[in-house]
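Asks: Numbering of the sequence shown is given in my numbering, commencing with residue 727 and proceeding in unit increments.
All residues carry an ideal CB built from backbone N, CA and C; glycine is no exception.
Structure in structure tokens, see below.
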Amino acid sequence: MELRKDPITRSWVVTGHPEREQERADPCPLCLGNGSQGPLLLQLPSQGEPQVRVYPHFHPLYRVEGDPGRTADGIFDRMTAVGAHEIIVETSVHSLTLPHLTDEEIERVLEAYALRAVDLKRDARFKYVTAFKNQGREAGEEWSHPHSQITATTFVPRRALYELRAAREWYRDRERCVFCDILRQEIRQQKRMVDNVGDYYAFCPYASRVPFETWMMSRSHNHQFEVPLPGESRRNLAILVGRTLRRLRSVSSSYHLVVHTAPNTLQTKGELSDYWATIAGDYHWHIEILPIMPARSKSYSIKEVYFNSTLPEEAAECLRGLHPTK
Ligand SMILES: [Zn+2]
Ligand SMILES: [Zn+2]
Ligand SMILES: [Zn+2]
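Structure (structure tokens):
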């Protein structure tokens, strides 16, 4: 696998053929005790019967060994696909899904995201850590056993980079966090708000890219998901994640969920040294859920412009009316 940079958009593309052996769905490779899972990187709770288990990905996009050194290919930039790619098994119960888990169990899944992110960010080669989940076949789910993934990359993924740049500019102009500004307005207007538990809010963003796109974030400003504010627990966030996913279940069985957090500020090479000087004030972690609605997609796709057939105000109203409990 290698990374190639598009000189026009400055996006990195992972390209090559991942080693993919014949997929054996039976026995499920994520069920407890099915042998060849590789080294256990984390288990929660740490004592007794494990609920969450983390392994290196069986067919990784990125590999931990090696030097990410950029090489030139004529006018182009290329890097080896150095990074980390891990599987977070959310529960040992094969037939469950994340919104079926108890609040305490969902909190453990979020804690696993955070603990792995903290650990991976100790490696200064990695500029960004992404925790994400592909739920359902249409989302590119690899195994039906409930799981999330985490990647650590030597570049900041495109969407995260757009956000980081925009947040930094907003802060430079106004000395305020754009995400705090957005959430304050959403709370005041109550047009796109879906739910709220304690300090955490779920809402459909103003320019939702897909029907029922939902973001979750905390009213208290914090740039790093993996480092909670003093005295803060993730229990209320876990409750909100469960309630939101149970609502979305009636709308679509497939979705992408991604945690957007601050980049690795250990990186002091090149552009990143002063680049993130205001990061603690300008960025604000959040969770994005992008449901996949195949029936709604157009006969041709407009790849350059998002087309969303549902207004976020209608989506939020519909989600508010759906049952958030089991
Ligand atoms: Zn399984
Ligand atoms: Zn903020
Ligand atoms: Zn985001």
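What does DSSP give as the partner residue(s) for residue 1014 in the beta ladder?
Replies: Answer is 941 and 984.
Asks: Beta-carbon within less than 6 Å of residue 952's beta-carbon, same chain only, minus the 5 sequence neighbours each way: which residues are those?
Replies: Hits under 6 Å: 840, 843 and 844.
Asks: Going by Cα to Cα distance, which pick from 806, 1017, 1035 and 915 is closest to residue 976?
Replies: Comparing Cα positions, the closest option is 1017.
Asks: Mapping DSSP to helix, strand and coil, what is residue 842?
Replies: In this structure, residue 842 counts as helix in the three-state DSSP scheme.
Asks: Closer than 7 Å to a non-hydrogen atom of ligand 5 - does that hold for the CB of residue 1049?
Replies: In terms of ligand content, the structure shown lacks ligand 5 and carries ligand 1, ligand 2 and ligand 3 instead.
Asks: Taking C-alpha atoms, which residue in 973, 794, 989 and 905 lies nearest to residue 1043?
Replies: For the residues 973, 794, 989 and 905, the minimum Cα distance to residue 1043 belongs to 973.
Asks: Return yes when the C-beta of residue 822 is under 7 Å from any heavy atom of ligand 1, and no when it is not.
Replies: No, since every heavy atom of ligand 1 falls outside the 7 Å radius drawn around the Cβ of residue 822.
Asks: In the DSSP assignment, find the unbroken beta strand (DSSP E) run with residue 809 in it and report its ends.
Replies: Note, residue 809: beta strand (DSSP E), 809-815.
Asks: Have a look at 831, 901 and 766 and flag the residue whose alpha-carbon is nearest the alpha-carbon of residue 1009.
Replies: Of the candidates 831, 901 and 766, the one whose C-alpha sits nearest the C-alpha of residue 1009 is 901.
Asks: With a threshold of 7 Å on Cβ separation, who are the neighbours of residue 860 within its own chain once the five nearest residues in sequence on each side are excluded?
Replies: So the qualifying residues of the chain are 866, 867 and 982.
Asks: Give the DSSP-derived three-state secondary structure of residue 869 in the structure shown.
Replies: In this structure, residue 869 counts as coil in the three-state DSSP scheme.
Asks: Rounded C-beta distance between residue 936 and residue 928? I'm assuming under 8 Å.
Replies: Actually they are not in contact, since the Cβ atoms of residue 936 and residue 928 sit about 16 Å apart, beyond 8 Å.
Asks: Is residue 1042 helix, strand or coil by DSSP?
Replies: Of the three classes helix, strand and coil, the one that applies to residue 1042 here is helix, per DSSP.
Asks: Going by other Cβ atoms of all chains shown within 10 Å of its Cβ, with 16 needed for buried, is residue 990 buried or exposed?
Replies: That one is buried.
Asks: Alpha carbon to alpha carbon, how far is residue 735 from residue 802? Give it in angstroms, no decimals.
Replies: Approximately 12 Å between the Cα atoms of the pair.
Asks: Check whether the Cβ of residue 912 lies closer than 7 Å to any heavy atom of ligand 3, and answer yes or no.
Replies: Incorrect: residue 912 has no Cβ contact closer than 7 Å to ligand 3.
Asks: Less than 8 Å between the CB atoms is what I'm expecting for residue 926 and residue 944, so what's the real figure, rounded?
Replies: Sure, about 5 Å apart at Cβ, within 8 Å.
Asks: Mind reading off the beta-carbon distance from residue 812 to residue 783? Whole number of angstroms is fine, and I expect it under 8 Å.
Replies: With 8 Å as the limit, residue 812 and residue 783 qualify as a contact, their Cβ atoms being about 6 Å apart.
Asks: Where does residue 930 land, buried or exposed, given buried means 16+ other C-beta within 10 angstroms?
Replies: So residue 930 counts as buried.
Asks: When you compare the CB positions of residue 1060 and residue 804, do they come within less than 8 Å of one another, or not?
Replies: An answer regarding residue 1060 cannot be provided, because it is not within the stretch 727 to 1052 covered by the chain.
Asks: Say whether chain B places a C-beta atom closer than 8 Å to the C-beta of residue 929.
Replies: Of the protein chains in the structure, only one exists, and it is not chain B.
Asks: Would you report the Cα separation of residue 924 and residue 829, rounded to the nearest angstrom?
Replies: Between residue 924 and residue 829, the C-alpha separation is close to 14 Å.
Asks: Is residue 929 near ligand 2, in the sense that its beta carbon is under 7 Å from a heavy atom of that ligand?
Replies: Because no heavy atom of ligand 2 lies under 7 Å away, the Cβ of residue 929 does not count as near it: no.
Asks: Which of the three DSSP states, helix, strand or coil, is assigned to residue 1034?
Replies: Correct three-state label for residue 1034: coil.
Asks: Check the C-beta distance from residue 980 over to residue 862 and give it rounded, since I have them as a contact under 8 Å.
Replies: About 3 Å; that satisfies the 8 Å criterion.
Asks: Is there at least one non-hydrogen atom of ligand 3 closer than 7 Å to the beta-carbon of residue 1012?
Replies: Yes; taking the cut-off as 7 Å, the Cβ of residue 1012 has a heavy atom of ligand 3 nearer than that.
Asks: Out of 762, 838, 856 and 915, which one is the CA nearest neighbour of residue 1013?
Replies: The residue with the shortest Cα to Cα distance from residue 1013 is 856.
Asks: What residue range is occupied by the uninterrupted alpha helix (DSSP H) comprising residue 904?
Replies: It spans 904-915 - the alpha helix (DSSP H) in which residue 904 sits, taken as one unbroken run.
Asks: Figure out for me which residue from 785, 774 and 744 has the closest Cα to the Cα of residue 762.
Replies: Comparing Cα positions, the closest option is 785.
Asks: Say yes only if the C-beta of residue 827 is nearer than 7 Å to one or more non-hydrogen atoms of ligand 1, and no if none qualify.
Replies: Because no heavy atom of ligand 1 lies under 7 Å away, the Cβ of residue 827 does not count as near it: no.
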